[in-house]
Amino acid sequence: MSTSDQQAPPRRLAMPELLIGIGLLACAAAVAWQTLAIPVSPLYSKVGPTVFPYLTMTGMLVLSLLLIVAALRGGWQPEEEKETPTDWKAMGFVAAGLVANLLLIHPLGFTAASVIMFVLICYGFGSKHPLRDALLGLILALAAYFGFARALGVNIGAGFIENQLNSVIDAIIGMARG
Amino acid sequence: METLNQLAHGFSVAFTPVNLMWCLLGTTLGTAIGVLPGLGPALTIALLLPITYQVAPEASFILFAGIYYGAMYGGSTTSILLNTPGESATIVTALEGNRMARSGRGGAALATSAIGSFVAGTIGTLGVAFLAPIVVKFALAFGPAEYFSLMVLAFITVSAVLGSSSVRGLTSLFAGFVIGMIGVDLQTGQPRFTFGMGELLDGVDVIIVAVGLFAVGETLYMASRRYAGKDEIVPLKGSLYMTAAEWGRSWKAWLRGAAIGFPIGAMPAGGAEIPTFLSYAIEKKLSKHKEEFGTVGAIEGVAGPEAANNASAAGVLVPMLTLGLPTSATAAIMLSAFQSYGINPGPLLLTTQANLVWGLIASLFIANVILVILNLPLIGLWVRLLKIPAPQLYAGILVFATVGTYGISQSPIDLVILYLLGAAGFLMRRFDFPTAPVIIGMILGPLAETQFRRAMTISNGDWSVFYTHKLSLTLLVLAFIGLAGPHIWAFIEHRRRRGPEHVPGDA
Chain A
-14 MSTSDQQAPP RRLAMPELLI GIGLLACAAA VAWQTLAIPV SPLYSKVGPT VFPYLTMTGM
46 LVLSLLLIVA ALRGGWQPEE EKETPTDWKA MGFVAAGLVA NLLLIHPLGF TAASVIMFVL
106 ICYGFGSKHP LRDALLGLIL ALAAYFGFAR ALGVNIGAGF IENQLNSVID AIIGMARG
Chain B
127 METLNQLAHG FSVAFTPVNL MWCLLGTTLG TAIGVLPGLG PALTIALLLP ITYQVAPEAS
187 FILFAGIYYG AMYGGSTTSI LLNTPGESAT IVTALEGNRM ARSGRGGAAL ATSAIGSFVA
247 GTIGTLGVAF LAPIVVKFAL AFGPAEYFSL MVLAFITVSA VLGSSSVRGL TSLFAGFVIG
307 MIGVDLQTGQ PRFTFGMGEL LDGVDVIIVA VGLFAVGETL YMASRRYAGK DEIVPLKGSL
367 YMTAAEWGRS WKAWLRGAAI GFPIGAMPAG GAEIPTFLSY AIEKKLSKHK EEFGTVGAIE
427 GVAGPEAANN ASAAGVLVPM LTLGLPTSAT AAIMLSAFQS YGINPGPLLL TTQANLVWGL
487 IASLFIANVI LVILNLPLIG LWVRLLKIPA PQLYAGILVF ATVGTYGISQ SPIDLVILYL
547 LGAAGFLMRR FDFPTAPVII GMILGPLAET QFRRAMTISN GDWSVFYTHK LSLTLLVLAF
607 IGLAGPHIWA FIEHRRRRGP EHVPGDA
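Quick mapping for you: the protein sequence lines, in order, are chains A and B. In terms of the working numbering, the first sequence has 132 at position 147, counting the first letter as 1, and numbering is strictly consecutive. Take the position in the second sequence, starting the count at 1, then add 126; the result is the number in the working numbering.
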């Protein structure tokens, strides 16, 4: 590297792009592995279920090599993307919100998990009012829950809050029907 | 005449109170999500796919079409007032529209884009009504080999020709193929790409892929870029009524935009970027007010591209309805809605599902009328939506993303896949890989495979069917030109400019 540093700065190896190319190469390998695992009945051997996977694998292989070549030649990131620093803290809070939601949606139910996710993401994006966000998140989560669960007939994880509200609503509907 | 009768019948379907309500709901929702940055029609329709289990096909497609058209109208409002294009197709609108808003003519810019969208949308919808039956006549002659070659052509145009890099576009497309192949192979019953997990036997739902790439990926990207330039809303100034001079400068641009947008949208290539940029270039060239371009904002530069955008959005419906060929992420998700009803879009759709198709087309005319009303007199409402602060907006998007994903089967595995796709979506956004080809690849890939295997079965395993059939060969040659042409052209240009003193290894 040290010899080529001075004469050709734009042609330096681009690490993130190289990793993407290698990652795609790994994906192509995974596709090959899974394709080999498909049992082929001799009846279908001509145009069986493996022809398209093999074509896809070949395509991915060629594309990953092209990406690796592009990475070795200096990558393809636009300058402005390269120069903007990544806000790891904000991303970290968003990711934490997603993970919290994943872990809590089963034990606590959708609404409670969503409120926690909502507050964490808002904080990550720079909001300084976690209590107000929690209230907003609660309203939004309940609206989403009842919009989907009751109007669209989609069953989403009900926890304590949802069960209480559902029984209240059913009671009201029951009373209205006399 | 036949078409007019069918259209009249379509209006009788669309004018029922219930369907009018769906149309109003769709257009309102569509405008809202078009205005809000970070939400698009593809994501919204994906989240609403479960509705297909609840209501008649006419109702859900009228709703989806309203969202599709509405997002185009709403997106231009954001481009003009915020300079952050709400949709990729409204990038050009932001160029002149935002300058007009900054120089106090935001009202006229909004008016010319709304009325232009109405004019072009109506022309485009008429185009769909009259062109669709003609395309159907051609399509009836298509065999499996021709269908496969047509899909290859569409794959190349949506991933390699449009966008900044053919390698990255094709990479996205192939990733979509892999996702589309996960699950049980429909022809042999063999599980593929399931990595031994029972949860993957049914395949990955398009809802999860769309939500992961568009909602989770976008939110992560926005979080990582929080400090990169904040846009301010330009306060809405100036009357919403255009002056006679502004009308005079707008109407020709609308018609030219529609004439450029519809044919390009209707080709099995799709994409609204090319027609909008083309229209912008033409308006800039023809304008008598060239000095306004890039300075105070020229009204033609808003009127033309906006019209082109809406006409091409209408055009995309032609290959979707007549060939079952989606050329945008939104159209691909609408195709999966058809599949969820057990309907296969293709040449027979217009006769077997006449109520649905013509009801849908009629509702598009109604949607255009509703949208021009929603977007001009009621513009103040939408401007208020722009004031939703980013933290709460993105957190809210992810709450809805969770509902939509977790609601499919209440499986935490779905959420894990969602977040993994979100991480992939972030990387794609960060490293300039287009996301739409993933959706198109996963929906259209399995259909292409079916046609491929059908053609090969009929020919008894002989590959030559794809190039001995004349039509199939033509389509494949076009695809090859689309893929290789720009590179060959660039190479020739490069050689000619460099001349003989080209130094090896200096490329």
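Here a beta-carbon is modelled for each residue, glycine too, at the ideal position from N, C-alpha and C. Since we're looking at a predicted model, the values are computed, not measured.
- Against chain B, a Cβ distance below 8 Å from valine 16 of chain A picks out Val304, Phe319.
- Under a criterion of Cβ atoms nearer than 7 Å, the residues of chain B adjacent to asparagine 86 of chain A are, in order, Thr528.
- The C-beta separation of isoleucine 241 of chain B from isoleucine 459 of chain B comes to about 29 Å, leaving the pair out of contact by the 8 Å criterion.
- Measuring C-alpha to C-alpha distances from alanine 168 of chain B to each of B:Gly611, B:Ala527, B:Ala379, B:Gly322 identifies B:Ala527 as the nearest.
- Valine 603 of chain B sits in a helix when the DSSP states are folded into three classes.
- In the displayed model, arginine 579 of chain B falls within a helix according to three-state DSSP.
- Excluding sequence positions up to five before and after threonine 20 of chain A, its CB lies within less than 7 Å of the CB of Thr35, Pro38, Tyr39, Met42, all in the same chain and listed in chain order.
- For the options B:Gly551, B:Thr178, B:Gly201, the alpha carbon positioned closest to that of phenylalanine 190 of chain B is the one of B:Thr178.
- Chain-order list of chain A residues neighbouring methionine 147 of chain B: empty, with the shortest C-beta distance near 14 Å, by a criterion of under 7 Å.
- Residue-level contact check: glutamine 316 of chain B touches chain A, since one or more beta carbons of chain A fall below 8 Å from its beta carbon.
- The three-state reading of DSSP puts arginine 318 of chain B in strand, counting E and B together.
- Within chain B, no residue has its CB atom less than 8 Å from the CB of valine 153 of chain A, the nearest being about 20 Å off.
- In this structure, isoleucine 159 of chain B places its C-beta atom within 8 Å of the C-beta atom of alanine 197 of chain B.
- For glutamate 344 of chain B, the closest of B:Tyr520, B:Phe141, B:Gly571, B:Val525 by C-alpha to C-alpha distance is B:Tyr520.
- Around the C-beta of leucine 266 of chain B, fewer than 16 other C-beta atoms lie within 10 Å, and the residue is accordingly described as exposed.
- In terms of beta-carbon proximity, glutamate 64 of chain A stays away from the interface with chain B, with every pair separated by 8 Å or more.
- Taking one beta carbon from each stretch, the segment -1 to 14 of chain A and the segment 56 to 66 of chain A have 3 or more pairs nearer than 8 Å; the two touch.
- Contact between serine 462 of chain B and valine 332 of chain B holds: their C-beta atoms lie close to 5 Å from each other, under 8 Å.
- Across the structure, glutamine 518 of chain B and valine 100 of chain A are spaced so that their CA atoms are roughly 12 Å apart.
- For chain B, the residues of the segment 97 to 110 of chain A that bring a beta carbon within less than 7 Å of one of its beta carbons are Ser99, Met102, Phe103, Ile106, Cys107, Gly109, Phe110, in chain order.
- Chain order gives the chain B residues near alanine 129 of chain A as Val525, Phe526, Val529, where near means a beta carbon separation below 7 Å.
- Interface criterion met: the Cβ of alanine 516 of chain B is under 8 Å from a Cβ in chain A.
- In terms of Cα proximity to aspartate 72 of chain A, the closest of A:Leu116, A:Ile5, A:Phe110 is A:Phe110.
- Put simply, the backbone Cα of methionine 226 of chain B is about 8 Å away from that of isoleucine 425 of chain B.
- The DSSP-derived three-state label of valine 330 of chain B is coil.
- Residue-level contact by beta carbon holds for threonine 345 of chain B and chain A, with a gap shorter than 8 Å.
- By the C-beta density criterion, aspartate 155 of chain A is exposed, having fewer than 16 other C-beta atoms within 10 angstroms.
- The Cβ neighbour count for threonine 369 of chain B, taken over all protein chains shown within 10 Å, is under 16; the residue is labelled exposed.
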